[in-house]
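Numbering (the numbering used here), first residue to last: 40 to 299.
Just below is one structure, and these are the notes that go with it.
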(Lines of atoms letter the chains of each structure in order from A and count residues from 1; the text may use other names and numbers.)
(Lines give C-alpha, C1' and ligand atoms only; values in the text may rest on other atoms or scores of the structure.)
Protein backbone atom coordinates (compact mmCIF):
# COMPACT_ATOMS: atom_id res chain seq x y z
CA UNK A 1 0.00 0.00 0.00
CA UNK A 2 1.38 3.41 -0.96
CA UNK A 3 2.05 5.99 1.74
CA UNK A 4 -0.76 8.46 2.39
CA UNK A 5 -0.16 11.89 0.93
CA UNK A 6 -1.64 13.56 4.01
CA UNK A 7 -1.37 13.09 7.76
CA UNK A 8 -4.48 13.57 9.89
CA UNK A 9 -4.32 14.54 13.56
CA UNK A 10 -6.65 15.88 16.25
CA UNK A 11 -6.07 18.33 19.09
CA UNK A 12 -9.22 18.62 21.19
CA UNK A 13 -11.79 20.33 18.88
CA UNK A 14 -9.24 21.08 16.13
CA UNK A 15 -8.71 18.83 13.12
CA UNK A 16 -5.21 18.97 11.61
CA UNK A 17 -4.26 18.09 8.04
CA UNK A 18 -0.56 17.91 7.11
CA UNK A 19 0.45 17.57 3.46
CA UNK A 20 2.81 14.61 3.19
CA UNK A 21 4.74 14.43 -0.08
CA UNK A 22 8.09 15.70 1.24
CA UNK A 23 10.15 14.47 -1.72
CA UNK A 24 7.88 16.41 -4.09
CA UNK A 25 7.57 19.45 -1.82
CA UNK A 26 3.91 18.50 -1.29
CA UNK A 27 3.02 19.04 -4.94
CA UNK A 28 -0.69 18.71 -5.66
CA UNK A 29 -1.05 15.31 -7.27
CA UNK A 30 -4.49 13.93 -8.01
CA UNK A 31 -4.10 11.52 -5.12
CA UNK A 32 -3.15 14.27 -2.66
CA UNK A 33 -6.09 16.42 -3.74
CA UNK A 34 -8.54 13.55 -3.30
CA UNK A 35 -7.15 12.59 0.10
CA UNK A 36 -7.17 16.24 1.20
CA UNK A 37 -10.80 16.67 0.16
CA UNK A 38 -11.77 13.44 1.90
CA UNK A 39 -10.15 14.71 5.11
CA UNK A 40 -11.95 18.05 4.84
CA UNK A 41 -15.29 16.31 4.35
CA UNK A 42 -14.58 14.08 7.35
CA UNK A 43 -13.78 17.02 9.60
CA UNK A 44 -16.75 18.99 8.26
CA UNK A 45 -19.15 16.21 9.27
CA UNK A 46 -17.50 15.61 12.66
CA UNK A 47 -19.36 17.50 15.44
CA UNK A 48 -16.28 17.11 17.62
CA UNK A 49 -14.26 19.36 15.28
CA UNK A 50 -14.82 23.11 15.41
CA UNK A 51 -11.90 24.36 13.32
CA UNK A 52 -9.34 22.95 10.88
CA UNK A 53 -5.62 23.56 10.39
CA UNK A 54 -3.96 22.87 7.03
CA UNK A 55 -0.17 22.84 6.90
CA UNK A 56 2.84 21.29 5.19
CA UNK A 57 6.21 20.49 6.74
CA UNK A 58 9.44 22.26 7.63
CA UNK A 59 10.58 22.22 3.97
CA UNK A 60 7.54 24.01 2.71
CA UNK A 61 3.79 24.23 2.46
CA UNK A 62 3.23 23.28 -1.18
CA UNK A 63 5.24 23.75 -4.38
CA UNK A 64 2.13 23.85 -6.55
CA UNK A 65 0.59 21.47 -9.05
CA UNK A 66 2.31 18.20 -9.86
CA UNK A 67 4.11 19.23 -13.04
CA UNK A 68 4.61 15.66 -14.25
CA UNK A 69 0.89 14.91 -14.01
CA UNK A 70 -0.02 18.29 -15.48
CA UNK A 71 2.34 17.86 -18.44
CA UNK A 72 0.35 14.81 -19.52
CA UNK A 73 -2.91 16.78 -19.80
CA UNK A 74 -4.22 18.04 -23.11
CA UNK A 75 -6.61 20.97 -23.45
CA UNK A 76 -9.49 18.60 -24.08
CA UNK A 77 -8.70 16.45 -21.03
CA UNK A 78 -8.19 19.41 -18.72
CA UNK A 79 -11.37 21.08 -19.97
CA UNK A 80 -13.58 18.01 -19.89
CA UNK A 81 -12.53 16.99 -16.38
CA UNK A 82 -12.61 20.58 -15.02
CA UNK A 83 -9.05 20.14 -13.80
CA UNK A 84 -8.61 21.55 -10.24
CA UNK A 85 -12.26 22.65 -10.01
CA UNK A 86 -12.88 19.93 -7.42
CA UNK A 87 -10.30 21.58 -5.16
CA UNK A 88 -12.10 24.93 -5.18
CA UNK A 89 -15.50 23.27 -4.82
CA UNK A 90 -14.28 21.17 -1.90
CA UNK A 91 -13.08 24.18 0.06
CA UNK A 92 -16.24 26.16 -0.72
CA UNK A 93 -18.28 23.33 0.84
CA UNK A 94 -16.53 23.57 4.22
CA UNK A 95 -18.40 25.72 6.75
CA UNK A 96 -15.80 25.34 9.49
CA UNK A 97 -12.92 27.83 9.56
CA UNK A 98 -9.66 26.65 7.99
CA UNK A 99 -6.37 28.12 9.20
CA UNK A 100 -3.45 27.68 6.85
CA UNK A 101 0.00 27.42 8.46
CA UNK A 102 2.69 28.23 5.92
CA UNK A 103 6.31 27.18 6.33
CA UNK A 104 8.73 27.69 3.44
CA UNK A 105 7.34 27.88 -0.07
CA UNK A 106 3.73 28.33 -1.16
CA UNK A 107 4.03 28.62 -4.92
CA UNK A 108 1.56 28.35 -7.79
CA UNK A 109 -1.13 25.92 -6.74
CA UNK A 110 0.39 26.02 -3.26
CA UNK A 111 -0.22 29.76 -3.02
CA UNK A 112 -3.73 29.20 -4.37
CA UNK A 113 -4.31 26.43 -1.82
CA UNK A 114 -3.17 28.77 0.95
CA UNK A 115 -5.64 31.42 -0.25
CA UNK A 116 -8.49 28.88 -0.05
CA UNK A 117 -7.96 28.93 3.72
CA UNK A 118 -9.81 31.48 5.84
CA UNK A 119 -6.87 32.69 7.93
CA UNK A 120 -3.15 32.42 7.15
CA UNK A 121 -0.32 32.23 9.67
CA UNK A 122 3.15 32.24 8.12
CA UNK A 123 6.63 31.48 9.34
CA UNK A 124 9.20 34.23 8.82
CA UNK A 125 10.84 31.99 6.21
CA UNK A 126 7.67 31.56 4.13
CA UNK A 127 7.49 32.80 0.54
CA UNK A 128 4.46 33.18 -1.74
CA UNK A 129 4.32 33.29 -5.50
CA UNK A 130 2.39 32.56 -8.69
CA UNK A 131 5.17 31.56 -11.12
CA UNK A 132 2.91 29.88 -13.67
CA UNK A 133 3.86 32.41 -16.35
CA UNK A 134 7.41 31.00 -16.34
CA UNK A 135 5.92 27.63 -17.35
CA UNK A 136 3.82 29.02 -20.16
CA UNK A 137 0.50 28.98 -18.35
CA UNK A 138 -1.54 31.03 -15.87
CA UNK A 139 -2.85 30.33 -12.36
CA UNK A 140 -5.73 27.87 -12.63
CA UNK A 141 -6.96 27.26 -9.08
CA UNK A 142 -8.09 30.76 -8.17
CA UNK A 143 -4.84 32.73 -8.26
CA UNK A 144 -6.03 35.46 -10.62
CA UNK A 145 -9.26 35.83 -8.66
CA UNK A 146 -8.28 35.49 -5.00
CA UNK A 147 -4.92 37.28 -5.12
CA UNK A 148 -6.45 40.53 -6.36
CA UNK A 149 -9.00 40.37 -3.55
CA UNK A 150 -6.28 39.73 -0.99
CA UNK A 151 -3.59 42.24 -1.99
CA UNK A 152 -5.11 44.51 -4.65
CA UNK A 153 -4.81 44.69 -8.42
CA UNK A 154 -1.35 46.22 -8.82
CA UNK A 155 0.49 43.83 -6.50
CA UNK A 156 -1.45 40.82 -7.77
CA UNK A 157 -0.80 41.76 -11.40
CA UNK A 158 2.89 42.23 -10.66
CA UNK A 159 3.22 38.80 -9.03
CA UNK A 160 1.26 37.01 -11.76
CA UNK A 161 2.91 38.72 -14.73
CA UNK A 162 6.50 38.51 -13.43
CA UNK A 163 6.36 35.26 -11.47
CA UNK A 164 8.26 36.99 -8.67
CA UNK A 165 7.79 35.83 -5.06
CA UNK A 166 7.03 37.88 -1.98
CA UNK A 167 8.25 37.25 1.56
CA UNK A 168 6.09 36.50 4.56
CA UNK A 169 6.53 40.05 5.83
CA UNK A 170 5.50 41.48 2.45
CA UNK A 171 2.50 39.14 2.43
CA UNK A 172 1.50 40.35 5.88
CA UNK A 173 1.89 44.00 4.92
CA UNK A 174 -0.25 43.42 1.80
CA UNK A 175 -3.01 41.72 3.79
CA UNK A 176 -2.51 38.19 2.48
CA UNK A 177 -1.30 36.85 5.84
CA UNK A 178 -2.80 37.48 9.29
CA UNK A 179 0.34 36.86 11.35
CA UNK A 180 4.04 36.18 10.78
CA UNK A 181 5.97 34.34 13.47
CA UNK A 182 9.27 32.49 13.92
CA UNK A 183 9.11 29.06 12.31
CA UNK A 184 9.26 27.26 15.65
CA UNK A 185 6.27 29.23 16.98
CA UNK A 186 3.89 29.50 14.03
CA UNK A 187 2.09 26.17 14.33
CA UNK A 188 1.50 26.44 18.08
CA UNK A 189 0.18 30.00 17.62
CA UNK A 190 -2.19 28.84 14.89
CA UNK A 191 -3.34 25.92 17.03
CA UNK A 192 -4.08 28.31 19.89
CA UNK A 193 -6.18 30.46 17.56
CA UNK A 194 -7.97 27.44 16.09
CA UNK A 195 -8.75 26.17 19.59
CA UNK A 196 -10.15 29.57 20.54
CA UNK A 197 -12.39 29.64 17.46
CA UNK A 198 -13.47 26.04 18.08
CA UNK A 199 -14.49 26.96 21.64
CA UNK A 200 -17.32 29.17 20.35
CA UNK A 201 -20.74 28.15 19.08
CA UNK A 202 -20.28 26.12 15.88
CA UNK A 203 -23.34 27.51 14.02
CA UNK A 204 -22.40 31.08 14.94
CA UNK A 205 -18.84 30.57 13.70
CA UNK A 206 -20.15 29.10 10.44
CA UNK A 207 -22.54 32.02 9.92
CA UNK A 208 -19.79 34.55 10.59
CA UNK A 209 -17.51 32.82 8.09
CA UNK A 210 -20.27 32.79 5.46
CA UNK A 211 -21.03 36.48 5.98
CA UNK A 212 -17.38 37.46 5.54
CA UNK A 213 -16.98 35.29 2.44
CA UNK A 214 -20.12 36.76 0.87
CA UNK A 215 -18.67 40.24 1.32
CA UNK A 216 -16.28 39.41 -1.54
CA UNK A 217 -19.16 38.44 -3.82
CA UNK A 218 -21.83 41.03 -3.02
CA UNK A 219 -21.97 44.80 -3.31
CA UNK A 220 -22.19 46.75 -0.04
CA UNK A 221 -25.98 47.14 -0.09
CA UNK A 222 -26.64 43.45 -0.77
CA UNK A 223 -23.86 42.44 1.61
CA UNK A 224 -25.37 44.48 4.45
CA UNK A 225 -28.76 42.89 3.76
CA UNK A 226 -27.24 39.40 3.78
CA UNK A 227 -25.40 40.13 7.04
CA UNK A 228 -28.52 41.47 8.74
CA UNK A 229 -30.53 38.38 7.79
CA UNK A 230 -27.87 36.07 9.23
CA UNK A 231 -27.65 38.29 12.31
CA UNK A 232 -31.41 38.06 12.81
CA UNK A 233 -31.23 34.29 12.35
CA UNK A 234 -28.84 33.97 15.29
CA UNK A 235 -31.68 35.12 17.57
CA UNK A 236 -33.38 31.77 16.95
CA UNK A 237 -30.43 29.70 18.22
CA UNK A 238 -30.13 28.21 21.69
CA UNK A 239 -26.52 29.39 21.78
CA UNK A 240 -27.65 32.99 21.29
CA UNK A 241 -29.86 32.81 24.38
CA UNK A 242 -27.09 31.06 26.34
CA UNK A 243 -24.51 33.66 25.35
CA UNK A 244 -26.70 36.54 26.53
CA UNK A 245 -27.72 34.76 29.74
CA UNK A 246 -24.09 33.98 30.58
CA UNK A 247 -23.10 37.62 29.99
CA UNK A 248 -25.95 38.99 32.12
CA UNK A 249 -25.49 36.49 34.97
CA UNK A 250 -24.37 37.84 38.36
CA UNK A 251 -21.52 37.07 38.52
CA UNK A 252 -20.86 36.79 34.79
CA UNK A 253 -20.22 33.16 33.81
CA UNK A 254 -18.69 31.26 30.89
CA UNK A 255 -21.24 30.29 28.23
CA UNK A 256 -21.92 26.58 27.77
CA UNK A 257 -22.51 26.14 24.06
CA UNK A 258 -24.79 23.37 22.79
CA UNK A 259 -24.05 24.19 19.11
CA UNK A 260 -27.79 24.49 18.44
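Note that CB positions come from ideal geometry on N, CA and C, so glycine has one too.
Given residue i as reference, the closest of the options once Cα atoms are compared
i: residue 161; options: 176, 92 and 195; result: 92
i: residue 213; options: 190, 262 and 224; result: 190
i: residue 237; options: 197, 187, 198 and 298; result: 298
i: residue 228; options: 278, 46 and 94; result: 94
i: residue 182; options: 205, 146, 211 and 164; result: 146
Local Cβ density within 10 Å of residue i, reported as buried at 16 or more and exposed below that
i: residue 157; result: buried
i: residue 106; result: exposed
i: residue 207; result: buried
i: residue 166; result: buried
i: residue 109; result: buried
i: residue 120; result: exposed
Helix, strand or coil at residue i [DSSP, three-state]
i: residue 68; result: coil
i: residue 164; result: coil
i: residue 180; result: coil
i: residue 48; result: strand
i: residue 111; result: coil
i: residue 192; result: helix
i: residue 93; result: strand
i: residue 240; result: coil
i: residue 100; result: strand
i: residue 54; result: strand
i: residue 186; result: helix
Discussion item. Suppose only complete runs of 3+ residues qualify. What are the beta strand (DSSP E) ranges in the region 136-162, listed by chain order?
Written reply: 137-141, 144-146 and 158-162
Below 8 angstroms, how does it come out for the region 94-101 and the region 112-132: are there three or more Cβ pairs, yes or no? no
Okay, do the region 216-225 and the region 240-249 touch, 3+ Cβ pairs below 8 angstroms being the bar? no
- Contact between the region 190-203 and the region 239-246: three or more CB pairs below 8 angstroms? no
Check: Okay, do the region 270-277 and the region 166-185 touch, 3+ Cβ pairs below 8 angstroms being the bar?
Finding: no
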